[in-house]
Amino acid sequence: SQKIEQNSEALNIQEGKTATLTCNYTNYSPAYLQWYRQDPGRGPVFLLLIRENEKEKRKERLKVTFDTTLKQSLFHITASQPADSATYLCALGKNNDMRFGAGTRLTVKP
Amino acid sequence: DAMVIQNPRYQVTQFGKPVTLSCSQTLNHNVMYWYQQKSSQAPKLLFHYYDKDFNNEADTPDNFQSRRPNTSFCFLDIRSPGLGDAAMYLCATSRAPPRGGYNEQFFGPGTRLTVL
Chain G
11 SQKIEQNSEA
21 LNIQEGKTAT
31 LTCNYTNYSP
41 AYLQWYRQDP
51 GRGPVFLLLI
61 RENEKEKRKE
71 RLKVTFDTTL
81 KQSLFHITAS
91 QPADSATYLC
101 ALGKNNDMRF
111 GAGTRLTVKP
Chain S
1117 DAMVIQNPRY
1127 QVTQFGKPVT
1137 LSCSQTLNHN
1147 VMYWYQQKSS
1157 QAPKLLFHYY
1167 DKDFNNEADT
1177 PDNFQSRRPN
1187 TSFCFLDIRS
1197 PGLGDAAMYL
1207 CATSRAPPRG
1217 GYNEQFFGPG
1227 TRLTVL
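These protein sequence lines are chains G and S, in that order.
Read in order, the letters of the first sequence correspond to residues 11 to 120 in the working numbering.
Read in order, the letters of the second sequence correspond to residues 1117 to 1232 in the working numbering.
If you want it as structure tokens, here you go:
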């Protein structure tokens, strides 16, 4: 069955460093992969989308890579700030069928 | 601002007592979703509507039902809540993707359900 794994439950880094979060998947060939941010007690907020035929996408301090051979996406936040502290969810899908990972909780310490 | 609204934000019900959660949207999106999310877990899709077409996930219990009377509103009915149904319930919307396309989802703030 389809499985989505995000590298760890929690990641702690120092302000100014680059945070790298991993999303691995098995038994699936998604047409796209999305990353969302979720703050405690709130709904997820869309950040970035990358399609299966794209290798990399950037938006401000965010960068996403998508390797369909390794079945992996990496999500980078450069020059991290305490305000980036949140849970980050990856989601894979085809058309309207999209499945989420459990997320990685990122804490950026000042 | 266009948005997805969920009411109430917090709902307390008793074991076995039916409860209805509501979602409304001003985005005019034709797809609406209901997710269940438990602490530190992935949002789990329960069902979605593509316009008026209802799509139930295979593992969604019969205890969960949904209604979409019009484009703007969608309801989640839990007929006989059990302790295991305590969770955050998230409503989301999206535009229908073009063929082979994608769907960014817009989420509401969620309703946290407590079952006593």
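Even glycine gets a Cβ: it sits at the ideal position worked out from N, Cα and C.
- Residue state for G/A96 is assigned as strand, using DSSP reduced to three classes.
- With contact defined as three or more Cβ pairs closer than 8 Å, the segment 91-110 of chain G and the segment 37-44 of chain G are in contact.
- Secondary structure of S/D1201 (DSSP, three-state): helix.
- Ranked by Cα distance from G/V118, the first of G/F110, G/Q91, G/A112 is G/Q91.
- Contact check for S/F1223 against S/A1203 fails: the beta carbons are separated by 8 Å or more.
- Residue G/Q48 holds the alpha-carbon nearest to the alpha-carbon of S/Q1221 among G/I14, G/Q48, G/L84.
- Taking the Cα of G/R52 as reference, the smallest distance to any Cα among G/L116, G/T97, G/D107, G/P120 is reached at G/T97.
- According to the DSSP assignment, S/N1123 belongs to the beta strand (DSSP E) that extends over 1120-1123.
- Close to S/L1206, with beta-carbon spacing below 7 Å, are these residues of chain G in chain order: G53.
- For G/N106 and S/S1210, the gap between their C-alpha atoms comes out near 9 Å.
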